[in-house]
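Okay, so here's the structure we're looking at.
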Amino acid sequence: MTFLGWIQLAVYVGLLLAITKPLGLYLVQVLDPHGRTWFDPVLRPLERLTYRLAGIDAEHEQDWKHYTVAMLLFSFVGCLFTYVLLRCQGWLPLNPQKLPGLSSDLAFDTAMSFTTNTNWQSYSGESTMSYFSQMVSLVIHNFTSAATGVAIAAALVRGIARQSAATIGNFWVDLVRSTYYLFLPISLVLAVALVSQGMVQNFKPYDSAALVEKQTVQVPKTDDKGNPVNDAKGNPVMVDQVVDTQSISEGPMASQVAIKMLGTNGGGNTNANAAHPFENPTPLSNLLQMLAIFAIPSALTWWLGRTVGNAKHGWAVWWAMALLFLAGFLICWHYEAAGNPIHTHLGVAAADGNMEGKEVRFGIVNSSLFATITTDASCGAVNAMHDSFTPLGGLVPLFNIMLGEIVFGGVGAGLYGMLVFVVIGVFIAGLMIGRTPEYLGKKIGAYEVKMAMLVVLVLAASILGFSAWASVTEWGKAGLNNNGPHGLSEILYAYTSCTGNNGSAFAGLTANTPWYNVTLALAMFIGRFLMIVPILAMAGSLAAKKRTPAGAGTFPVSGVTFVLLLIGTILLVGALNFVPALALGPIVEHFLMLGGQLF
Amino acid sequence: MNIVQNLKTSLILTLVLAVVCCGFYPVLVWGLGQGLFPKQANGSLIHDKQGNLVGSALLGQTFTGESYFHSRPSAAGNGYDPTSSGGSNLGPTSKKLSDGMAQNVSDYRKDNGLSDTAEVPADAVTASASGLDPHISVRNALLQAPRVAAKRGLTKDQITALIGKYTDHRFLGFIGEEGVNVLLLNLALDKTIE
Chain A
0 MTFLGWIQLA
10 VYVGLLLAIT
20 KPLGLYLVQV
30 LDPHGRTWFD
40 PVLRPLERLT
50 YRLAGIDAEH
60 EQDWKHYTVA
70 MLLFSFVGCL
80 FTYVLLRCQG
90 WLPLNPQKLP
100 GLSSDLAFDT
110 AMSFTTNTNW
120 QSYSGESTMS
130 YFSQMVSLVI
140 HNFTSAATGV
150 AIAAALVRGI
160 ARQSAATIGN
170 FWVDLVRSTY
180 YLFLPISLVL
190 AVALVSQGMV
200 QNFKPYDSAA
210 LVEKQTVQVP
220 KTDDKGNPVN
230 DAKGNPVMVD
240 QVVDTQSISE
250 GPMASQVAIK
260 MLGTNGGGNT
270 NANAAHPFEN
280 PTPLSNLLQM
290 LAIFAIPSAL
300 TWWLGRTVGN
310 AKHGWAVWWA
320 MALLFLAGFL
330 ICWHYEAAGN
340 PIHTHLGVAA
350 ADGNMEGKEV
360 RFGIVNSSLF
370 ATITTDASCG
380 AVNAMHDSFT
390 PLGGLVPLFN
400 IMLGEIVFGG
410 VGAGLYGMLV
420 FVVIGVFIAG
430 LMIGRTPEYL
440 GKKIGAYEVK
450 MAMLVVLVLA
460 ASILGFSAWA
470 SVTEWGKAGL
480 NNNGPHGLSE
490 ILYAYTSCTG
500 NNGSAFAGLT
510 ANTPWYNVTL
520 ALAMFIGRFL
530 MIVPILAMAG
540 SLAAKKRTPA
550 GAGTFPVSGV
560 TFVLLLIGTI
570 LLVGALNFVP
580 ALALGPIVEH
590 FLMLGGQLF
Chain B
0 MNIVQNLKTS
10 LILTLVLAVV
20 CCGFYPVLVW
30 GLGQGLFPKQ
40 ANGSLIHDKQ
50 GNLVGSALLG
60 QTFTGESYFH
70 SRPSAAGNGY
80 DPTSSGGSNL
90 GPTSKKLSDG
100 MAQNVSDYRK
110 DNGLSDTAEV
120 PADAVTASAS
130 GLDPHISVRN
140 ALLQAPRVAA
150 KRGLTKDQIT
160 ALIGKYTDHR
170 FLGFIGEEGV
180 NVLLLNLALD
190 KTIE
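Quick look at the structure:
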């Protein structure tokens, strides 16, 4: 753990802290239907035109049920839109590589994946998706699923802030305003900055470069029909093949990557995602992408404090998130820097740490930092392969997602997930001191606690249920790239990532099979919508309540005690569910690695 | 609540947002990118003196000859294939990974005339995340330098200076890690580029 590493951590946290309040102030304007921004001269007419075309009455507010129905139907239509476009890829424009339409299960999985802000990729972008599919079928959800997350967080916070109110806002207005005023302008600036670093943005076919040194490689021999030829013993026959060209993938990448990070989507243009030198060319592009992931979730905590009229509460939530982030990063960094004793024994320099699946320009520090950030948030972009992390270094991203991605979290999703833990926290504190639990003057009743616990239990049930199922079936085990405890970790990570709507992977798992595609898509659906509905119900219930003035016995929702209570609640309620599964996967693998056991 | 009206709004809104976010926006980024940073926006491509495309400054290539610096092992297709980017995804207790690494360590020592107990830089024997990593560590390059220098009849100073010239430094001196761009270094050795 080097001096330069500590400096880079300090710079990152410092920059994040610096943008939190300015962006929070901007959010105040974005999430107010009558808010004013610098972009009004251009965007206000566009906003009005959008409402007119779609038949939206921007002055009309919705109660929680109407808000929920609008959100669900919009997600359904978007999912269907992408499914149809992906199936029809072969007939659509901007497809210089002549890539065919997707199979039904892959199109379903991908449509669900992008609708739910997961961006799990069962496919390899550069060999599956045309420029049109990347730019339209997928990017539409990068904007709208992120804007949906912001909308729901806004609805919940309004529910907390209002009293005796029947409505919590207008879904359409929240969606359109977040997209136009928040995501579009920042994405535009970020995308151009990323191009300056070497990220491609073009529509030309893949370039073909003549290799500087021709290579001869061994490939399996195939017959006229393209089937592999086996020898008498059943082993594939290998033949020499001369490779003299490199096909360089191109495309409209920068515009996609900017919103992929800012909207905590994470779906890569390429298979290697943010590890690909085009998709993350330099240390500066890496820093910008890491900042883009946490920027809006961090600003939303400030916006929370402002909206409920208690700035200290917003900062208390920020600090609880920041402390969990720091703890995760330090553990991950420590174990990646410590490396793998099995490989050290072979003669690999111990001081270099675990470099398998990492890029030289990012090294140990920035790979560990990116892995922690992308899983604290529901982003899921990767600049290093989590599958090849050391057992405990790889446990950190897995554990972050299991907590519910509430450490800054996905745009909107992080805040509403965290507020669920706040409700549970004040409930537990209320029980301990023998008073009716209150949160910012609202009495927390059985209904709110039931809704909050539903969110926590749905997460655990989906992750553990699907993982258990897959690990005892043939279709589940057939996808494994690693044996032993690491195989279980691969399955566990897949369902955790999908239920948590993260999208990163222990990517060795071959998940592009009908069984995996369908079960993972179900996990994504459960993880998104079975959480949002109870949260909106809670928002409706809180909005209808009266506010009681704070008294001497009111439990404070700011200060050190509250921060510690919140962290304790998250770790106890959120994490204990998963300890047995983690013990069988990464934790036992750690001890086997120290003992030199191979699989 | 009117389901049909909501569905209609959803559909029209999806189409309007698609035109704005998936039409205007990427085309605007394309225009700005092509106008302000045309080289980067088109893949940082490198051409030889005859104008033939020989690669991208951001993408590594496989090198096996003794007179070239060698890139890191690659798990992308048959090696450094940008249409099949990715890592090995082998875990810490994988026998396949450990066996492969033992072979890489032994090859690296033999190729560069190192002793059987010499420590080998980790980047030289591990596959990168993308399989396209353009860089190797400076230590790795310096260990390969005597071999390349001997084969090409260059002095130690000449080769060290070239390595220095094609080293990408940390941003502002402290962000990220430094690395030597293998393709550019080898092209400079061949005098394909200046």
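If you read the protein sequences in the order shown, they are chains A and B.
Be aware that the first sequence starts at 0, since it is given in numbering that gives the first Met the number 0, and climbs by one per residue.
Be aware that the second sequence starts at 0, since it is given in numbering that gives the first Met the number 0, and climbs by one per residue.
Glycine included, every Cβ here is placed at the ideal spot set by N, Cα and C.
None of these values were measured; they are calculated from a predicted model.
Query raised in the report: Is Asp189 of chain B helix, strand or coil by DSSP?
Result: Look at Asp189 of chain B here: in three-state DSSP terms it is coil, with no helix or strand label.
Report task. Return the first residue and the last residue of the alpha helix (DSSP H) that Asp106 of chain B is part of. Result -> Annotation for Asp106 of chain B: the continuous alpha helix (DSSP H) segment containing it runs 94-110.
Report task. Along the alpha helix (DSSP H) that carries Met401 of chain A, what are the first and last residues, could you check? Result -> That run of the alpha helix (DSSP H) goes 390-401.
Report task. For the beta strand (DSSP E) containing Val216 of chain A, list its first residue and its last residue. Result -> Note, Val216 of chain A: beta strand (DSSP E), 206-219.
Requested in this report: Please list, in chain order, all residues of the same chain as Phe38 of chain A whose beta carbon is under 7 Å from its beta carbon, the five residues on each side excluded.
Outcome: Cβ neighbours of Phe38 of chain A beyond the five flanking positions: Tyr180, Pro184.
Requested in this report: Grab me the residues of Gly416 of chain A's own chain with a C-beta within less than 6 Å of its C-beta, minus the 5 sequence neighbours each way, in chain order.
Outcome: Beyond the five residues adjoining it in sequence on each side, Gly416 of chain A comes within less than 6 Å, by CB distance, of Gly403, Ile405, Gly408 in the same chain, given in chain order.
Query - Segment contact flag, the region 511-529 of chain A with the region 94-111 of chain A, C-beta cutoff 8 Å, min 3 pairs - result: The region 511-529 of chain A vs the region 94-111 of chain A: in contact.
Query raised in the report: Among all the DSSP beta bridges, which residues are the ones paired with Leu521 of chain A?
Result: Under DSSP, Leu521 of chain A forms no beta bridge with any residue.
Query raised in the report: Would you call the CB atoms of Glu278 of chain A and Asn268 of chain A closer than 7 Å?
Result: Yes, these two residues count as a Cβ contact at 7 Å.
Query raised in the report: Which ranges does the alpha helix (DSSP H) cover as unbroken runs of at least 4 residues, wholly within the region 101-184 of chain B, from first to last along the chain?
Result: DSSP runs (the alpha helix (DSSP H)) wholly in the region 101-184 of chain B: 121-124, 137-151, 155-164.
Query - Contact with chain A by Thr166 of chain B, beta-carbon distance below 7 Å - result: No, no contact with chain A.
Query raised in the report: Going along the chain, which unbroken runs of the beta strand (DSSP E) with 3 or more residues stay wholly within the region 148-175 of chain A?
Result: Within the region 148-175 of chain A, no complete beta strand (DSSP E) run reaches 3 residues.
Query raised in the report: Assuming Asn141 of chain A contacts Glu60 of chain A under a Cβ cut-off of 8 Å, what Cβ separation, rounded to an integer in Å, is found between them?
Result: Contact between Asn141 of chain A and Glu60 of chain A does not hold, since the beta-carbon distance rounds to 28 Å and is not under 8 Å.
Query raised in the report: Going by beta carbon distance, what residues of the same chain come within less than 6 Å of Trp171 of chain A, once the five residues before and after it are set aside?
Result: For Trp171 of chain A, where only same-chain residues beyond five positions count, the Cβ hits under 6 Å are Ile55.
Requested in this report: Please list the partners that Ser208 of chain B has in chain A, where partner means a Cβ-to-Cβ separation under 9 Å.
Outcome: There is no way to answer for residue 208 of chain B, as the model of chain B reaches only from 0 to 193.
Query - Interface residues of chain C facing Lys155 of chain B [CB-CB closer than 9 Å] - result: Among the chains of the structure shown, chain C does not appear; the protein chains present are A and B.
Query raised in the report: Where Cys378 of chain A and Pro296 of chain A are concerned, what is the direct C-alpha to C-alpha distance, given to the nearest angstrom?
Result: Between Cys378 of chain A and Pro296 of chain A, the alpha-carbon positions lie close to 11 Å from each other.
**Report entry** Segments of 4+ residues assigned as alpha helix (DSSP H) that fall wholly inside the region 94-124 of chain A
**Finding:** DSSP runs (the alpha helix (DSSP H)) wholly in the region 94-124 of chain A: 103-114.
Query raised in the report: Excluding sequence positions up to five away, which residues of its chain have a Cβ less than 7 Å from the Cβ of Asp104 of chain A?
Result: Counting only Cβ-Cβ distances below 7 Å, and skipping sequence neighbours, we find Pro513, Asn516, Val517.
Query - Cα-Cα separation between Gly262 of chain A and Phe293 of chain A, rounded to whole angstroms - result: Answer to the nearest angstrom: the Cα atoms are 10 Å apart.
Query - Backbone CA spacing between Leu72 of chain A and Gly225 of chain A [nearest angstrom] - result: Take the alpha-carbon of Leu72 of chain A and the one of Gly225 of chain A: they are about 44 Å apart.
Report task. Count the other CB atoms, across all protein chains shown, that sit within 10 Å of the CB of Ala383 of chain A; report buried if there are 16 or more and exposed otherwise. Result -> Looking at its Cβ environment, which holds 16 or more other Cβ atoms inside 10 Å, Ala383 of chain A is buried.
Query raised in the report: With a CB to CB cut of under 8 Å and the five nearest residues on each side skipped, what residues in its chain are close to Thr36 of chain A?
Result: Cβ within range, chain order: Tyr25, Gln28, Val29, Leu42, Tyr180.
Requested in this report: Determine the closest residue to Leu85 of chain A out of A:Thr67, A:Thr127, A:Leu48, with distance taken between C-alpha atoms.
Outcome: Nearest C-alpha to Leu85 of chain A: A:Thr127.
Query raised in the report: Taking the DSSP output, what are the residues bridged to Lys441 of chain A?
Result: Answer is A:Tyr438.
Query - Proximity of Gly158 of chain A and Ile167 of chain A at Cβ, strictly below 7 Å - result: Yes, the pair counts as a contact, with Cβ atoms nearer than the cut-off.
Query raised in the report: Under the three-state reduction of DSSP, which class applies to Val199 of chain A: helix, strand or coil?
Result: For Val199 of chain A, the three-state secondary structure derived from DSSP is coil.
**Report entry** Beta-carbon proximity list for His148 of chain B, same chain, < 8 Å, skipping 5 on both sides
**Finding:** The amino acid at residue 148 of chain B is misidentified as His; the sequence shows Ala. Taking C-beta separations shorter than 8 Å and ignoring five residues to either side along the sequence, the partners of Ala148 of chain B in its chain run Thr154, Lys155, Gln157, Ile158, following chain order.
Requested in this report: Using the Cα positions of Asn77 of chain B and Val238 of chain A, report the straight-line distance between them to the nearest angstrom.
Outcome: Straight-line Cα distance between these residues: approximately 13 Å.
**Report entry** Where Leu290 of chain A falls: helix, strand or coil (DSSP)
**Finding:** The answer is helix: DSSP assigns Leu290 of chain A an H, G or I state.
Report task. Starting from Gln245 of chain A, trace the beta strand (DSSP E) both ways and give me its first and last residue. Result -> From DSSP, the beta strand (DSSP E) with Gln245 of chain A extends over 237-247.
Query raised in the report: CB-CB under 8 Å to Leu283 of chain A, same chain, minus the five flanking residues each way: which ones, in chain order?
Result: Beyond the five residues adjoining it in sequence on each side, Leu283 of chain A comes within less than 8 Å, by CB distance, of Gln196 in the same chain, given in chain order.
Query raised in the report: If you pair each beta-carbon of the region 394-402 of chain A with each one of the region 494-507 of chain A, do three or more pairs fall below 8 Å?
Result: Contact holds between the region 394-402 of chain A and the region 494-507 of chain A, because three or more Cβ pairs, one in each stretch, are under 8 Å apart.
**Report entry** Endpoints, alpha helix (DSSP H) assigned at Val53 of chain B
**Finding:** Counting along the chain, no alpha helix (DSSP H) covers Val53 of chain B; the unbroken beta strand (DSSP E) around it starts and ends at 52-55.
Query - Bounding residues of the alpha helix (DSSP H) (the contiguous stretch that carries Ile566 of chain A) - result: If you look at Ile566 of chain A, you'll find it in the alpha helix (DSSP H) that goes 559-568.
Query - Within chain A, the residues that Thr82 of chain B reaches when beta carbons sit closer than 8 Å - result: Under the 8 Å cutoff, chain A gives Glu125, Ser126, Tyr205, Ser246, Ser248.
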